[in-house]
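Chains as they are written, first to last, in my numbering: chain A, 1 to 297; chain B, 1 to 440. Yeah, the Cβ is synthetic: ideal placement off N, Cα and C, and Gly gets one too. Written out below as structure tokens is the structure these notes cover.
Structural data, given as structure tokens:
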């Protein structure tokens, strides 16, 4: 194969294609990032003078136990979301990748959460889970009458559940696409060798989904780092600070506490941690991440 | 093979992650509705009936009477408004007329030159000043100058109770803190929450402490805090008040799940008027909302009210009022002269007009107009007289803490209050945390 020369030729003639994306990314990603970096060395309450104060914000944020707590909550929600979303998404994705007619109907139902905004989902769940006026109290089901959003442990579980409910359809869609790319010949060969459905799933489907898994995980990790709107509406970081994830911590410090400096520090921490995590997840795929899995098939 | 794939992908991941993070920062910066068309002034108000309708009616009436100078009103939810208005003011995108609670928030605007001094304007329009309660000007006055026009209603914090539930368990509303604590098991045993509380909103919890500090130690306790005296939060009366609140939380005094209830949706009021909670400490403005939303609860006389209980041996005066002495409208210094003219005209002829006052009175509120008690009649009169007397006879008045302090320290305080109510910090830790917060 001469993939090296092909890619070189593409680089030569098609490099300008990256320009629009680069312009947009610079305008909305890089320039604000520089602004945030500058703000992180200043003291600003949002309406007064911006005064430079050196590394004071960095020292105060990095020594604040609240930062460790928020990082912990963020990673906990990230890990739990991944553990819930990944197996569910793979199963749903593989299931709806089939060709039978009824699966299309089910797929439409599964994908409904994708159409809803996070704020709408959060408001709905907040109403449904209300211990006094919610679903459990209205239907008289004692099991559902829990302090879902008022108990620290239950609140984390509820957030993970709602996040998963919202995003499993999206990841299922990715897996569905990937499963449909797997050549039928692989399964035919396996059947001839006498492999059953379960064996086919673990020996063909799952290995073929490796890079999709990495893509999906990258999105879960990056998405968890910036998870904000849903928690903002659902719990406001509460009870107390039990669900105060990093992005919410940034917002609350900046816009409720009117301390733009420390909020900027947190914003930069989010960017750095998200990039490091995304790189880490990519590395798990090995160096040949973009190499075709179909070679030799 | 493409060796660059790795870095390019992570670049993409960053490209995806970074704007998401930024969008959280940016989402509050756009203030489209605040931008009035040229020749038009704007005002931002709070939502929530019946107040929202009255505010809208006053703007509509003003616009009808002044076809040449139009005023555009935009409405925001209470908690969202607090962040939104600050962001808008900071970005020089403020509306012409800034609705505020006065106190520390207003002081912050004044300090940064964002609002106009209205002292002279009041001197030129003495009727505007003499019409209003004298007490309403305290929170609008910074360093001897008046920066906002008091308007709307006086809102002391009142202990509301559901008379029907008290009859059901055969109890009387509490007059002392010990009686209050004794009622907690009575209601819990009857399957009724003793107190409704929208704990997620935080300032709702704060109202309890405002009373407890004052009843326990008198107004000096919070005055020392507001003045920034060292270790003011560690005053023995403060510690005693903080401890009493935690006693009440531990005794299950508040409704199940109070930590996740937000006041903006009036769920806390619904608990009271639907008979799920026996009592509620809340602003007088909730009388109007309960009247509006509670079916026959208010009209049929099931809503009762008493002053906050006294504390045995406490130094405070049980007549002291707590709450918002009025609402305030400030004039943005960034507005054009044309807009300011419209705004001043609105201050003079659009606020607390006869129709406006009648509207507030009819909603069950007490507008801040001297002698307005002569207008009280009908089923709301007893409550209105109670509020009027509280407002005019109180020997001292505790302005809401989160509005009395500057916004930064106020937010720190609310964070700590939230943790105090969820029992994750002790009263002593609360005091230590708060003593460390600079007061300015």
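Shown here, residue 280 (chain B) sits in a strand according to DSSP, grouped into three states. The beta carbon of residue 209 (chain A) sits closer than 6 angstroms to the beta carbons of 178 from its chain, once the five residues preceding and following it are set aside; these are given in chain order. A residue is called buried once 16 or more other Cβ atoms fall within 10 Å of its Cβ, and residue 229 (chain A) is buried on that count.
The C-beta separation of residue 269 (chain A) from residue 90 (chain B) comes to about 23 angstroms, leaving the pair out of contact by the 8 angstroms criterion. CA-CA distance, residue 380 (chain B) to residue 257 (chain A), rounds to 39 angstroms. Taking 7 angstroms as the CB threshold, residue 116 (chain B) stays off the interface with chain A. Excluding residues up to 5 positions away in sequence, 131, 132, 133, 352 and 357 lie with their Cβ nearer than 8 angstroms to the Cβ of residue 369 (chain B) in the same chain. A check of alpha carbon separations from residue 67 (chain A) across A:188, A:249, A:123 and A:138 identifies A:249 as the nearest. Contact annotation: in the region 44–64 of chain A, residues whose CB is within less than 7 angstroms of a CB in chain B are 45, 46, 47 and 48.
Residue 143 (chain A) is outside the set of residues whose beta carbon lies under 7 angstroms from a beta carbon in chain B. About 12 angstroms separates the beta carbon of residue 325 (chain B) from that of residue 148 (chain B), a gap too long to meet the 8 angstroms contact definition. Annotated three-state conformation of residue 148 (chain A) is coil, per DSSP. At a cut-off of 7 angstroms, the C-beta of residue 83 (chain B) has a neighbouring C-beta in chain A. At least 7 angstroms separates the CB of residue 246 (chain A) from every CB of chain B. For the region 43–106 of chain B, the full-length alpha helix (DSSP H) segments reaching 4 residues or more read 51–65 and 78–90 along the chain. By alpha-carbon distance to residue 377 (chain B), the top candidate from B:361, B:213 and B:391 is B:361. Residue-level contact by beta carbon holds for residue 424 (chain B) and chain A, with a gap shorter than 7 angstroms. As computed with DSSP, residue 136 (chain A) is found in no beta bridge at all.
The beta-carbon of residue 135 (chain A) is placed no less than 7 angstroms from the nearest beta-carbon of chain B. By the Cβ criterion, the region 161–173 of chain A is not in contact with the region 429–437 of chain B, since fewer than three pairs of Cβ atoms, one from each stretch, lie closer than 8 angstroms. Within chain B, not a single residue places a beta-carbon under 7 angstroms from that of residue 140 (chain A); the smallest gap is close to 14 angstroms.
In the three-state DSSP reduction, residue 145 (chain B) falls in the strand class (E or B). About 60 angstroms separates the beta carbon of residue 196 (chain A) from that of residue 57 (chain A), a gap too long to meet the 8 angstroms contact definition. Counting other Cβ atoms within 10 Å of its Cβ, residue 52 (chain A) stays below 16 and is therefore classed as exposed.
Going by C-alpha positions, residue 276 (chain B) is about 34 angstroms away from residue 151 (chain B). In this model, residue 150 (chain A) and residue 44 (chain B) are separated by some 32 angstroms (Cα to Cα). Secondary-structure assignment with DSSP links residue 399 (chain B) through a beta bridge to B:323. Three or more beta-carbon pairs separated by less than 8 angstroms are not found between the region 99–116 of chain A and the region 232–248 of chain B, which leaves the two stretches without contact. For residue 149 (chain A), a Cβ of chain B is located within less than 7 angstroms of the residue's own Cβ. Look at the beta carbons and you see the region 271–286 of chain B touching the region 182–196 of chain B: at least three pairs across the two are nearer than 8 angstroms. Within a 10 Å sphere around the beta-carbon of residue 78 (chain A) sit 16 or more other beta-carbons, which makes this residue buried. Nearest to residue 382 (chain B) by C-alpha distance, out of B:303, B:319, B:406 and B:345, is B:303.
For residue 252 (chain B), the CB contacts under 6 angstroms within the same chain, skipping 5 residues up- and downstream, are 188 in chain order. Distance from residue 330 (chain B) to residue 100 (chain B) at the Cβ level is roughly 5 angstroms; contact confirmed, criterion being Cβ atoms closer than 8 angstroms. Non-local beta-carbon contacts of residue 203 (chain B) in its own chain, meaning distances under 6 angstroms to residues more than five positions away in sequence, involve 402 in chain order. Secondary structure note for residue 277 (chain A): its alpha helix (DSSP H) is the uninterrupted segment 260–284.
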